[in-house]
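Comments concern the structure below.
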Amino acid sequence: MILGIAEIKPGARVGDIGAAIQEYAEANGFSVVREMVGHGVGRQFHTEPQIPHYGQRGRGLKLRPGMVFTVEPMLNEGTHNIKTLADRWTVITKDKKLSAQFEHTVALTSSPA
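Heads up: the sequence shown runs through residues 126 to 238, numbered per the working numbering.
What follows is the structure, given as structure tokens:
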């Protein structure tokens, strides 16, 4: 997550964030869940843009000052496949291996941090 956040600056692309997270996760034997993404935060909590935690550098929406969004990757020990249980809230890994998810909210400004 921190490596993805380090990619956030004016002019960077959403894919830069996801690629940094995916590269690190996979290099260390983990997978990145595809269905769970970060999201914009505005007048409503879950808004555009979607922030995938996988991807290709240089692709996706260009980041600009004033954007507020979350970075919240879900990494699995096994495959990236997940399953939502009947309560429609609980999410587990299909292969029953461990998973972790953390979240940060980021506000992009035009000045360095």
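All C-beta atoms, glycine included, are put in the ideal place defined by N, C-alpha and C.
Local Cβ density within 10 Å of residue i, reported as buried at 16 or more and exposed below that
i	result
I127	exposed
L223	exposed
E160	exposed
E132	buried
L188	buried
I146	buried
T218	buried
Residue span of the alpha helix (DSSP H) that contains residue i, given as start and end
i	result
A145	V139 to A152
A131	I127 to A131
Start and end residues, beta strand (DSSP E) containing residue i
i	result
L200	M199 to N201
V158	Counting along the chain, V158 falls outside any beta strand (DSSP E), and DSSP gives it neither H nor E.
T209	I207 to T209
Beta-carbon contacts of residue i that lie in its chain and below 7 Å, excluding the five residues immediately before and after
i	result
F194	G163, H164, G165, V166, P174, I176 and V231
G140	G180, Q181, R182, G183, R184 and G185
Residue i CB to nearest heavy atom of the ligand GTP below 7 Å
i	result
P135	In the structure on display, the ligand GTP does not appear, and there are no ligands present to speak of.
Identified DSSP bridge partners for residue i
i	result
G165	T172 and F194
T230	T195
Helix, strand or coil at residue i [DSSP, three-state]
i	result
Q181	coil
K222	coil
K134	coil
Contacting residues, own chain, Cβ-Cβ under 6 Å from residue i (five flanking each side not counted)
i	result
M192	L233
A143	The identity of residue 143 in the sequence shown is Gly, whereas the question assumes Ala. Closer than 6 Å at the Cβ level, and outside the excluded window around G143, lie P177, H178, Y179 and G180.
D220	G203 and T204
W214	none
Cutoff 8 Å; reference residue i; Cβ partners in own chain excluding five residues on either side
i	result
R138	R182, G183, R184, G185, L186, K187 and L188
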